[in-house]
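Residues in the sequence shown are numbered from 126 upward in steps of one, following the numbering used here.
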Amino acid sequence: MNKKKQKNLPMIGGILIISFFLFIAVFAEQIAPYDPTDMMQGYLPPSKEHILGTNDLGQDIFSEMIYGTRVSLYIGIFAAFVVTGIGTVMAMISGYFGGIADKIITAVTNIAMAVPSLPLTVLLVAYLKPGKASLIIAISITAWTGTARILRSRVQQLCEMPFIKIEKTMGVHPIIILWKHLLPNMKDLIFTRGALAVSSAMMTESSLSFLGLGTYGEKSWGNVLHYAFFRNSIMKQQVWWYIPPIICISIAVLGFMLIGYYGQQKKEG
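This is the structure in structure tokens:
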């Protein structure tokens, strides 16, 4: 296997993993054998009828996992989109215009990065009331700073390029320079940061859901793990209840991290 193919392996692996979970999320109704809210006999072990058994309420755990894929991916991807968008805008304003705008954004970024993100996210979700929108808003508010800092450095590098300096000298409007010249030259780095933001958002959502601050009505993987833990599945050795969400969270996060890793390797040459 040549070096080029070896470098592409993380991307291929990541795409396969994500495609698998996206397929499940899109076709959840067709794949799940039961409605995840249906109640049957509780605490059934894995069988032909219930691949992962049932929980304390008699709900099919396999069906919960299938539908949970949709919720976990939705929150992770949507939050990452917002995080990357905010980070990109802040970086372009800070890196391109400099001056007081750069000082203010840099100060806000430094202060925000000094505050532990998970406790702050917990407080925000608790204040906003748990739900999809609250999770996305809370994650977005606390997670954009890393992306902004990295992209700001890239913007500053690009602003030193001769073609950008010429555009500025000619009096080209800043929005045109940002949109037509800076943004296209940052797309690979933005994509990389976006992929890593999804993995981070999914981990944060899982942590919040495990603490009981997740969505209501619809269960994510983190919600399934929450109920498994707080209803003593570990003490009862019901591994079919708490192991599947851990595995799914880990593999999905790995998929997005592999794509992010590929982007970083490509950037480094």
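Ideal placement from N, C-alpha and C gives every residue a C-beta, glycine not left out. Computed from a prediction, not measured in an experiment: that's the story for all the values here.
Report yes if the C-beta distance between residue i and residue j is below 8 angstroms; otherwise report no.
i: residue 346; j: residue 374; result: yes
i: residue 153; j: residue 200; result: no
i: residue 209; j: residue 319; result: yes
i: residue 331; j: residue 243; result: no
i: residue 218; j: residue 226; result: yes
i: residue 269; j: residue 202; result: no
i: residue 169; j: residue 175; result: yes
i: residue 276; j: residue 311; result: yes
i: residue 329; j: residue 257; result: no
Here's the rule I'm using: 16 or more other beta-carbon atoms within 10 Å means buried, otherwise exposed. How should residue i be labelled?
i: residue 357; result: exposed
i: residue 221; result: buried
i: residue 141; result: exposed
i: residue 216; result: buried
i: residue 196; result: buried
i: residue 159; result: buried
i: residue 193; result: buried
i: residue 189; result: buried
i: residue 378; result: buried
i: residue 291; result: exposed
i: residue 376; result: exposed
I'd like the list of long-range same chain contacts for residue i, defined as Cβ closer than 8 angstroms, with 5 residues on each side in sequence excluded.
i: residue 249; result: 259, 262, 263, 266, 267
i: residue 162; result: 184
i: residue 390; result: 132, 135
i: residue 321; result: 381, 382, 385
Excluding the 5 residues preceding and the 5 following residue i in the sequence, name in chain order all residues of the same chain whose CB lies nearer than 6 angstroms to its CB.
i: residue 96; result: The requested residue 96 does not occur in the structure, where the chain is confined to residues 126 to 394.
i: residue 335; result: 347, 350, 351
i: residue 365; result: 171, 177, 178
Quick check: is any heavy atom of the ligand COA less than 7 angstroms from the C-beta of residue i?
i: residue 150; result: What this structure holds is no ligand at all, so the ligand COA is not there to describe.
For this session: Please specify which runs of the alpha helix (DSSP H), each continuous and at least 4 residues long, are wholly inside the region 197-263, giving them in chain order.
Result: Qualifying alpha helix (DSSP H) stretches, in chain order: 224-239, 242-253.
Exercise. Three or more beta-carbon pairs under 8 angstroms between the region 263-272 and the region 317-328, yes or no?
Worked result: In short, these stretches touch, since the Cβ pair count reaches three.
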